[in-house]
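Engineer: Quick note on the working numbering: the sequence shown kicks off at 490 and runs consecutively. We treat Cβ as the ideally placed atom computed from N, Cα and C, and that holds for glycine. I am attaching a structure below and will ask some questions about it afterwards.
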Amino acid sequence: MPKLVDLYDRHGQSPWLDDLRRSWLLDGTLARRLEHGVRGITSNPSIFQKAMADGSAYDEQFTALAKDGCSAVRSYWAMATSDVADALDLLAPLYRDSGGGDGFVSLELAPELAHDTEASVEAARRFHTDIARPNLLVKIPATDEGVPAVQRLIAQGASINVTLIFGLERYAEVMEAYLSGLEELEAHEAGAASLSRVHSVASFFISRVDVEIDRRLEAIGSPEALELRGRAAVAQAKLAYRAFRRTFSGPRWEALEAKGARVQRPLWASTSTKNPDYPDTLYVDSLIGPDTVNTMPVATLEAFEDRGTVAATAEDGVEEAQALLGRLEDLGIDVDDVSRVLEDEGVAAFAKSFDQGIDALADKAAALAQR
Numbered sequence: 490m491p492k493l494v495d496l497y498d499r500h501g502q503s504p505w506l507d508d509l510r511r512s513w514l515l516d517g518t519l520a521r522r523l524e525h526g527v528r529g530i531t532s533n534p535s536i537f538q539k540a541m542a543d544g545s546a547y548d549e550q551f552t553a554l555a556k557d558g559c560s561a562v563r564s565y566w567a568m569a570t571s572d573v574a575d576a577l578d579l580l581a582p583l584y585r586d587s588g589g590g591d592g593f594v595s596l597e598l599a600p601e602l603a604h605d606t607e608a609s610v611e612a613a614r615r616f617h618t619d620i621a622r623p624n625l626l627v628k629i630p631a632t633d634e635g636v637p638a639v640q641r642l643i644a645q646g647a648s649i650n651v652t653l654i655f656g657l658e659r660y661a662e663v664m665e666a667y668l669s670g671l672e673e674l675e676a677h678e679a680g681a682a683s684l685s686r687v688h689s690v691a692s693f694f695i696s697r698v699d700v701e702i703d704r705r706l707e708a709i710g711s712p713e714a715l716e717l718r719g720r721a722a723v724a725q726a727k728l729a730y731r732a733f734r735r736t737f738s739g740p741r742w743e744a745l746e747a748k749g750a751r752v753q754r755p756l757w758a759s760t761s762t763k764n765p766d767y768p769d770t771l772y773v774d775s776l777i778g779p780d781t782v783n784t785m786p787v788a789t790l791e792a793f794e795d796r797g798t799v800a801a802t803a804e805d806g807v808e809e810a811q812a813l814l815g816r817l818e819d820l821g822i823d824v825d826d827v828s829r830v831l832e833d834e835g836v837a838a839f840a841k842s843f844d845q846g847i848d849a850l851a852d853k854a855a856a857l858a859q860r
């Protein structure tokens with residue numbers, strides 16, 4: 490049995506693929522990934538920028554769009570939403586057979602909206618209206634402006650992937666936004682059907698936390714500091730999982746669950762190791778537990794299939810994880826500041842990829858016009 494299948498069947502963790510490209514839809518690669526246990530797809534501007542620059546899969550549609558006078562930005566969204574719609578259709582049987590548990594594809598809002606609550610709400614509504622598939626998750630970053638947008642959209646019955654979560658404080662805000670949104674929805678649309686149609690995951694980023702904290706530990710340079718490298722990201726994620734288990738239990742949650750609500754699963758994102766000295770399955774092996782998702786790029790997914798360990802680990806060593814964050818604080822490392830820095834960098838990185846993709850399409854359009 491493939492390890493990805495085992496991961497879900499034995500431990501309730503859904504492996505998703507953190508990549509999407511048209512060539513995989515056309516040649517059957519994505520369908521084969523599903524047969525081997527992949528249960529969802531995530532995308533972002535960096536993924537689409539790379540996909541559209543690779544090969545000729547988009548040339549026919551882009552040429553037609555350019556001839557119709559579409560701008561580079563409009564062409565980008567036309568091609569991206571086309572890919573997402575096709576992937577949603579491919580995953581529709583899984584969505585149906587799992588009772589809405591999996592089979593999702595995520596599409597991220599334009600990075601320029603990361604700090605605009607109202608525009609994010611309107612753009613997410615348009616995606617859900619235009620694509621019109623129940624297994625679509627619209628990705629909204631967990632910025633100061635993004636979190637209230639999430640609450641409003643959940644209250645309207647939209648399904649959301651809350652992305653770019655780097656710290657426990659922000660994660661608590663995201664879970665509160667989800668619960669408050671469900672309560673608002675239930676107050677206006679009483680009945681289990683209204684709540685059960687809402688799906689959400691909270692994308693908690695992993696490897697980038699180690700990159701930033703390792704950098705700060707190396708700047709300190711003491712033996713105690715250096716000994717903590719490569720441990721903070723998993724420790725923080727284990728505490729996030731504990732917070733999830735506590736939040737989605739007790740009277741408040743049980744009242745919503747009784748009316749059809751689904752938990753907002755933690756999704757471990759950025760799970761490829763950035764430091765070659767760390768095991769390439771570190772951020773998969775260490776965070777396996779029920780009601781979670783791990784979205785992996787191809788290299789990490791294949792590494793896990795080859796040499797990963799399928800075992801319940803998300804709830805192991807939680808007290809040690811708490812102690813480790815205390816040791817970081819004693820060394821002068823402000824984990825909350827780390828999360829703020831990484832949030833800003835994450836938004837900026839996606840904006841850069843988006844702009845590069847648009848510039849490349851504009852250059853291609855100009856070349857077509859000269860033929």
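Could you pull out every residue in the same chain whose Cβ sits closer than 8 Å to the Cβ of Ala-613, ignoring the five residues on either side in sequence?
Structural biologist: Excluding residues within five positions, the ones whose Cβ falls inside 8 Å are Leu-598, Val-627, Ile-629, Ala-638, Leu-642, Ala-647 and Ile-649.
Engineer: Using the rule of at least 16 other Cβ atoms within 10 Å of the residue's Cβ for burial, across every protein chain shown, is Gly-797 buried or exposed?
Structural biologist: Flag for Gly-797 reads buried.
Engineer: Starting from Lys-556 and walking both ways along the alpha helix (DSSP H), at which residues does that stretch end?
Structural biologist: 548-556 is the span of the alpha helix (DSSP H), which, as asked, contains Lys-556.
Engineer: Could I get the ranges of all uninterrupted alpha helix (DSSP H) runs contained in the region 616-667, with 4 residues as the minimum, in chain order?
Structural biologist: 635-644, all fully within the region 616-667.
Engineer: In angstroms, rounded to a whole number, what distance separates the CA positions of Phe-843 and Ala-542?
Structural biologist: Each residue's Cα considered, the two are about 12 Å apart.
Engineer: The beta strand (DSSP E) spanning Ala-856 covers which residue range?
Structural biologist: Premise fails: Ala-856 lies in the alpha helix (DSSP H), 824-858, not in any beta strand (DSSP E).
Engineer: Using the Cα positions of Asp-548 and Gly-517, report the straight-line distance between them to the nearest angstrom.
Structural biologist: About 19 Å.
Engineer: Looking at the unbroken alpha helix (DSSP H) that takes in Glu-794, where does it start and where does it end?
Structural biologist: Its alpha helix (DSSP H) spans residues 787-796.
Engineer: Would you report the Cα separation of Leu-653 and Ala-603, rounded to the nearest angstrom?
Structural biologist: Roughly 10 Å separates the two Cα atoms.
Engineer: What does the alpha-carbon distance come out to for the pair Ala-681 and Leu-674?
Structural biologist: Its pLDDT being 49, under 50, Ala-681 is placed unreliably in this model, and the value from its coordinates should be taken loosely. Looking at the two C-alpha atoms, the distance is approximately 11 Å.
Engineer: What separation, rounded to the nearest whole angstrom, lies between the Cα atoms of Leu-463 and Val-799?
Structural biologist: With the chain covering 490 to 860 only, the question about residue 463 has no answer from this structure.
Engineer: Look up Leu-776 in the DSSP assignment and say whether it is helix, strand or coil.
Structural biologist: The answer is coil: DSSP assigns Leu-776 none of H, G, I, E or B.
Engineer: By the three-class DSSP mapping on this structure, what secondary structure does Gln-502 have?
Structural biologist: Strand.
Engineer: Could you check how far apart the C-beta atoms of Arg-522 and Leu-506 are, in whole angstroms? I think they sit under 8 Å.
Structural biologist: Arg-522 to Leu-506, Cβ: 6 Å. Contact.
Engineer: Taking only the alpha-carbon atoms, compute the straight-line gap between Ala-621 and Val-687 and give it to the nearest angstrom.
Structural biologist: Rounded to the nearest angstrom, the two C-alpha atoms are 14 Å apart.
Engineer: If contact is defined by three or more beta carbon pairs under 8 Å, each pair taking one atom from either stretch, is the region 528-535 in contact with the region 570-585?
Structural biologist: These segments touch.
Engineer: Pick from Gly-592, Asp-703 and Val-663: whose alpha carbon is nearest that of Phe-693?
Structural biologist: Residue Val-663 is the option with its Cα nearest to Phe-693.
Engineer: Please state if the CB of Pro-491 and the CB of Glu-791 are separated by a distance shorter than 8 Å.
Structural biologist: Going by C-beta atoms, Glu-791 is not nearer than 8 Å to Pro-491.
Engineer: What residue range is occupied by the uninterrupted beta strand (DSSP E) comprising Val-690?
Structural biologist: Start and end: 689-694.
Engineer: Comparing C-alpha positions only, which one of Ala-744, Leu-756, Ser-545 and Tyr-730 sits nearest to Thr-802?
Structural biologist: Cα-wise, what sits closest to Thr-802 is Tyr-730.
Engineer: Could you name the residues of the same chain whose beta carbon sits closer than 7 Å to that of Gly-635, not counting the 5 residues immediately before and after it, in chain order?
Structural biologist: Excluding sequence neighbours, Gly-635 sits near Ala-603, Ser-609 and Ile-629.
Engineer: Measure the C-alpha to C-alpha separation of Ala-750 and Glu-713 and round it to an integer number of angstroms.
Structural biologist: So the alpha carbons of these two residues sit roughly 45 Å apart.
Engineer: Would the beta-carbon of Arg-510 fall within 8 Å of that of Ala-540?
Structural biologist: Going by C-beta atoms, Arg-510 is nearer than 8 Å to Ala-540.
Engineer: Assign Phe-737 to one of three DSSP states: helix, strand, or coil.
Structural biologist: Looking at Phe-737 - three-state DSSP - the assignment turns out to be coil, as it is neither helix nor strand.
Engineer: Between Tyr-565, Cys-559, Gly-526 and Phe-551, which has its C-alpha nearest Ile-536's C-alpha?
Structural biologist: The shortest C-alpha separation from Ile-536 is found at Tyr-565.
Engineer: Compute the Euclidean distance between the alpha carbons of Gly-501 and Gly-590, then round it to the nearest angstrom.
Structural biologist: Roughly 11 Å separates the two Cα atoms.
Engineer: If we ignore side chains and look at the alpha-carbon of each, how far apart do Val-594 and Pro-786 end up?
Structural biologist: The alpha-carbon atoms of Val-594 and Pro-786 are separated by roughly 14 Å.
Engineer: Rank Gly-821, Arg-528, Leu-515 and Leu-657 by C-alpha distance to the C-alpha of Ser-587 and give the top, closest one.
Structural biologist: Here the closest residue by C-alpha is Arg-528.
Engineer: Could you give the residue range of the alpha helix (DSSP H) that holds Leu-583?
Structural biologist: Looking at the DSSP string, the run of the alpha helix (DSSP H) that includes Leu-583 is 561-586.
Engineer: Does the beta-carbon of Glu-658 have 16 or more other beta-carbons within 10 angstroms, so that it is buried, or is it exposed?
Structural biologist: Exposed, since its Cβ has fewer than 16 Cβ neighbours within 10 Å.
Engineer: From Leu-515 to Thr-606, what does the alpha carbon distance come to, in whole angstroms?
Structural biologist: Taking the straight line joining both Cα atoms gives about 36 Å.
Engineer: Using DSSP's beta-bridge definition, name the partner residues of Thr-784.
Structural biologist: Beta-bridge pairing links Thr-784 to Trp-505.
Engineer: Would a C-beta distance cut-off of 8 Å place Ala-691 and Tyr-660 closer than the cut-off?
Structural biologist: The answer is yes: Cβ separation under 8 Å.
Engineer: Assuming Trp-757 and Tyr-772 form a contact by the criterion Cβ under 8 Å, report the distance between their Cβ atoms to the nearest whole angstrom.
Structural biologist: So it is a contact: roughly 7 Å between Cβ atoms.
Engineer: When DSSP labels each residue in this structure, what does Glu-743 get in the three-state scheme?
Structural biologist: Note: Glu-743 maps to helix in three-state DSSP.
Engineer: Measuring CA to CA, which of Arg-585, Lys-556, Ala-561 and Asp-508 is closest to Asp-572?
Structural biologist: Checking every option, the nearest Cα to that of Asp-572 belongs to Asp-508.
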